[in-house]
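Protein chains: 2
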Amino acid sequence: MEKRIKILVSNDDGIESLGIHVLVKYLKELGDVLVVAPLTEQSAVGHAITMKVPLRVTEYKTNGSFYGYAVEGTPADCVKMGIKNILKEKPDIVVSGINHGSNTAINIVYSGTVSAAREAAIMDVPSIAVSIASHNPQHFDFAGKVSREITKLVLANGLPTGTLLNVNIPDLPEEEIMGILPTMQGKTKWDDVYEERIDPFGKKYFWLTGKLIENDNNLSQDHFAVKNNYVALTPIHFDLTDYRAYENMKQWDLSTVSDKTIVKAEK
Amino acid sequence: MEKRIKILVSNDDGIESLGIHVLVKYLKELGDVLVVAPLTEQSAVGHAITMKVPLRVTEYKTNGSFYGYAVEGTPADCVKMGIKNILKEKPDIVVSGINHGSNTAINIVYSGTVSAAREAAIMDVPSIAVSIASHNPQHFDFAGKVSREITKLVLANGLPTGTLLNVNIPDLPEEEIMGILPTMQGKTKWDDVYEERIDPFGKKYFWLTGKLIENDNNLSQDHFAVKNNYVALTPIHFDLTDYRAYENMKQWDLSTVSDKTIVKAEK
Chain E
2 MEKRIKILVS
12 NDDGIESLGI
22 HVLVKYLKEL
32 GDVLVVAPLT
42 EQSAVGHAIT
52 MKVPLRVTEY
62 KTNGSFYGYA
72 VEGTPADCVK
82 MGIKNILKEK
92 PDIVVSGINH
102 GSNTAINIVY
112 SGTVSAAREA
122 AIMDVPSIAV
132 SIASHNPQHF
142 DFAGKVSREI
152 TKLVLANGLP
162 TGTLLNVNIP
172 DLPEEEIMGI
182 LPTMQGKTKW
192 DDVYEERIDP
202 FGKKYFWLTG
212 KLIENDNNLS
222 QDHFAVKNNY
232 VALTPIHFDL
242 TDYRAYENMK
252 QWDLSTVSDK
262 TIVKAEK
Chain U
2 MEKRIKILVS
12 NDDGIESLGI
22 HVLVKYLKEL
32 GDVLVVAPLT
42 EQSAVGHAIT
52 MKVPLRVTEY
62 KTNGSFYGYA
72 VEGTPADCVK
82 MGIKNILKEK
92 PDIVVSGINH
102 GSNTAINIVY
112 SGTVSAAREA
122 AIMDVPSIAV
132 SIASHNPQHF
142 DFAGKVSREI
152 TKLVLANGLP
162 TGTLLNVNIP
172 DLPEEEIMGI
182 LPTMQGKTKW
192 DDVYEERIDP
202 FGKKYFWLTG
212 KLIENDNNLS
222 QDHFAVKNNY
232 VALTPIHFDL
242 TDYRAYENMK
252 QWDLSTVSDK
262 TIVKAEK
């Protein structure tokens, strides 16, 4: 008997978001799908995990029937909990999304969607983060189809241990898509502005706003590719070492830090 | 007149933690120190930023005199707010810590201490994250001295744009320290276990626990170096692209995703 593919699905927009429903619909064509997602929206939580308060998990129903598990925590919590306590074994793949809004360039650092997939990569499970480049998406069907096909490709081609695939899809009908490209994380980032306001009690508060500084100009960069109507596929990992800086630091004179204790770094 | 060095200090243990007080004491020997830190402990928040609720910032006093600014937010919020709204210019350096507990290997991904320094690196400001390898540190004076001297070294040698220095210090007196080493992020990680309990109302809840899987065996790896009583200096960045996987992906047949829209990736 053929073994069915096991797929764990999570996101950061919460278990009620349209994006996760589209993802589940398309991934069910490939195998068994288990949803473990945050009960409430968790955007911009980065790779937060819940440690100071206990986690709560509840069975979640839609239209009276079981839909998945809702976790009162972060996307990374959902993946840990889904693999360790619900499935109790590794799924074949974890797919996170579909996020409403792109996760390219610097946004990868802040993204809860990506952190769910990264948590899977840390646990040696192949994973994909999927985002559609609009906060009010109109073309979810193409994004769902891409999610399904990329999932098949990752299952077929594999990814290096510790690497996940970050997929960003323009919010366009298929016929307007220019192509599908392997990409690198772009250099576009935010220039932050805090908007100051006064509450009814005379106290200041601040909203984080800002404008995007476009530093990308090549289709090999995720942000630029999506802006130019390409689907961008960026493999990312959690080895954060800057190896060039590491080599350069071997030349630093560390004897000033503590003269009694200096050892020579290997050359 | 000589321009004084401007240092922005933050952390994730909160503005009342002993670690930040030690850091401020030692860094004041180098220049002007501004503290902008979370009002409450923010461990394991990763690179979260506050966007869905407004930020509050208050002047914080200790013993009746101004000590710094307390932000009702995350470490990354503190650095953004400190640079954009309080200093209104870039400081010479941002130093985050001293964290109670090491931030090596996989813990770098979850660390609020590191995310404060990473936020500075994103804003093109040199930065350092400092942690002492104990949750109940006894030897803060050596850690304070190391923080001061590494700050001088980073100001003198510079770091590549977008790279921060992650410093981990054993909780030992100086004479027991074996040396100071440039290191890489280690491969040690957690095997998570959720401890299940029942609340007084009969409902389940879970605490995240786990045991460390030691995958490091070389002094060039941060976790192993600290465990063997060395100070570990790991340069890290936020370019998350897995370049080898990116090159390999150019061989993938992407025509299955959407046959109408395939373009050939550059070879």
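In order, the protein sequences belong to chains E and U. Going by the working numbering, the first sequence opens with residue 2, and the numbers climb by one from there. Going by the working numbering, the second sequence opens with residue 2, and the numbers climb by one from there. The beta carbon of each residue, even a glycine, is placed where N, CA and C say it ideally should be.
Between valine 72 of chain E and proline 39 of chain E, how many whole angstroms is the CB-CB distance? I'm expecting something under 8 Å.
On the first sequence, residue 72 of chain E is found 71 positions in, with the first residue counted as 1. On the first sequence, residue 39 of chain E is found 38 positions in, with the first residue counted as 1. Taking a contact as a CB-CB distance under 8 Å, the pair valine 72 of chain E and proline 39 of chain E counts as one, their CB atoms being some 6 Å apart.
Apart from the five residues on each side of it in sequence, which residues of its chain come closer than 8 Å, Cβ to Cβ, to tyrosine 68 of chain E?
Sequence index remark: in the first sequence, residue 68 of chain E carries index 67 (1-based). Shown here for tyrosine 68 of chain E: same chain residues with a beta carbon closer than 8 Å to its own, the five before and five after excluded, namely Ile16, Val36, Tyr61 and Lys62 in chain order.
Residues of the segment 227-241 of chain E in Cβ contact with chain U at a cutoff of 8 Å, in chain order, please.
Tyr231, Val232, Leu234, Thr235, Pro236, Ile237, His238, Phe239, Asp240 and Leu241
Specify, as a first and last residue, the run of the beta strand (DSSP E) that glycine 180 of chain U falls within.
The residue labelled residue 180 of chain U in the question sits at position 179 within the second sequence. It spans 180-183 - the beta strand (DSSP E) in which glycine 180 of chain U sits, taken as one unbroken run.
Partner residues on chain U for tyrosine 206 of chain E, Cβ-Cβ distance less than 7 Å:
Reading the first sequence from its first residue, position 205 is the one you call residue 206 of chain E. What tyrosine 206 of chain E touches in chain U: Pro55, Leu56 and Arg57.
Report back the beta-carbon spacing between glycine 134 of chain U and isoleucine 170 of chain U to the nearest angstrom; my notes put them in contact at under 8 Å.
Numbered from 1 along the second sequence, position 133 holds the residue referred to as residue 134 of chain U. Numbered from 1 along the second sequence, position 169 holds the residue referred to as residue 170 of chain U. A small fix is needed here, since residue 134 of chain U is alanine in this sequence, not glycine. So it is a contact: roughly 7 Å between Cβ atoms.
Unbroken alpha helix (DSSP H) run spanning histidine 136 of chain E, endpoints
For the purposes of this step, residue 136 of chain E is taken as residue 135 along the first sequence, with counting starting at 1. Run containing histidine 136 of chain E: none; DSSP gives neither H nor E here.
From aspartate 193 of chain E to methionine 124 of chain U, what does the alpha carbon distance come to, in whole angstroms?
Within the first sequence, numbered from 1, the residue matching residue 193 of chain E stands at position 192. Within the second sequence, numbered from 1, the residue matching residue 124 of chain U stands at position 123. Computed Cα separation, rounded: 10 Å.
Counting only Cβ-Cβ distances shorter than 7 Å, please list the residues of the segment 93-115 of chain E near chain U, keeping chain order.
Ile107, Ile109, Val110 and Tyr111
Looking at the C-beta of asparagine 184 of chain E, does it have a partner C-beta in chain U at a distance below 9 Å?
Start at 1 with the first residue of the first sequence, and residue 184 of chain E comes out as number 183. Inspection of the sequence shows that residue 184 of chain E is occupied by threonine rather than by asparagine. Taking Cβ atoms only, chain U reaches closer than 9 Å to threonine 184 of chain E, which makes this a yes.
For tyrosine 61 of chain E, decide whether its Cβ has a neighbour in chain U, counting only Cβ atoms nearer than 9 Å.
On the first sequence, residue 61 of chain E is found 60 positions in, with the first residue counted as 1. By this cut-off, tyrosine 61 of chain E is not an interface position.
Are the C-beta of proline 161 of chain U and some C-beta of chain E separated by less than 9 Å?
By 1-based counting over the second sequence, the position of residue 161 of chain U is 160. So, interface residue.
If you follow the beta strand (DSSP E) that glycine 211 of chain E is in, where does it begin and where does it stop?
As a working mapping, residue 211 of chain E is identified with position 210 in the first sequence. 205-214 is the span of the beta strand (DSSP E), which, as asked, contains glycine 211 of chain E.
Looking at C-alpha atoms only, which residue of U:Leu234, U:Asn230 and U:Asn216 is the closest neighbour of isoleucine 107 of chain U?
What you label residue 107 of chain U is simply residue 106 of the second sequence in a count that begins at 1. Ranking the options by Cα distance to isoleucine 107 of chain U, first place goes to U:Asn216.
Three-state secondary structure assigned by DSSP to phenylalanine 67 of chain U
Stepping through the second sequence from its first residue, residue 67 of chain U is reached at position 66. In this structure, phenylalanine 67 of chain U counts as strand in the three-state DSSP scheme.
Mind pulling the beta strand (DSSP E) runs of 3 or more residues that sit fully within the segment 55-125 of chain U?
58-63, 66-72 and 94-101
Counting pairs of beta carbons, one from the segment 193-204 of chain U and one from the segment 154-164 of chain U, are three or more of them closer than 8 Å?
no
May I ask you to list the residues that DSSP assigns as paired with tyrosine 195 of chain U?
The residue given as residue 195 of chain U occupies position 194 in the second sequence. According to DSSP, which records beta bridges pairwise, tyrosine 195 of chain U is partnered with U:Leu209.
Tell me whether asparagine 229 of chain U sits in a helix, a strand or coil according to DSSP, three-state version.
Here residue 229 of chain U is taken as the residue at index 228 of the second sequence, counted from 1. Coil, per DSSP.
Give the residues of chain U in contact with histidine 224 of chain E, contact being defined as C-beta atoms less than 7 Å apart.
On the first sequence, residue 224 of chain E is found 223 positions in, with the first residue counted as 1. From the beta-carbon of histidine 224 of chain E, no residue of chain U is found nearer than 7 Å; the closest lies around 12 Å away.
Kindly confirm or deny that the segment 103-122 of chain E and the segment 216-228 of chain E touch, where touching means at least three C-beta pairs closer than 8 Å.
yes
List the residues of chain E that threonine 164 of chain U touches, going by C-beta distances under 9 Å, in chain order.
Numbered from 1 along the second sequence, position 163 holds the residue referred to as residue 164 of chain U. Correct list: Asp243, Arg245 and Ala246.
Take the Cβ of serine 112 of chain U as the centre, count every other Cβ of all protein chains shown within 10 Å, and call the residue buried at 16 or more, exposed below.
For the purposes of this step, residue 112 of chain U is identified with residue 111 of the second sequence, where counting begins at 1. Looking at its Cβ environment, which holds 16 or more other Cβ atoms inside 10 Å, serine 112 of chain U is buried.
Terminal residues of the beta strand (DSSP E) in which alanine 246 of chain U lies:
By 1-based counting over the second sequence, the position of residue 246 of chain U is 245. Element bounds for alanine 246 of chain U: not the beta strand (DSSP E) but the alpha helix (DSSP H), 244-250.
Environment of isoleucine 214 of chain E [buried if 16+ CB atoms lie within 10 Å]
Residue mapping note: residue 214 of chain E aligns to position 213 of the first sequence, counting from 1. So isoleucine 214 of chain E counts as exposed.
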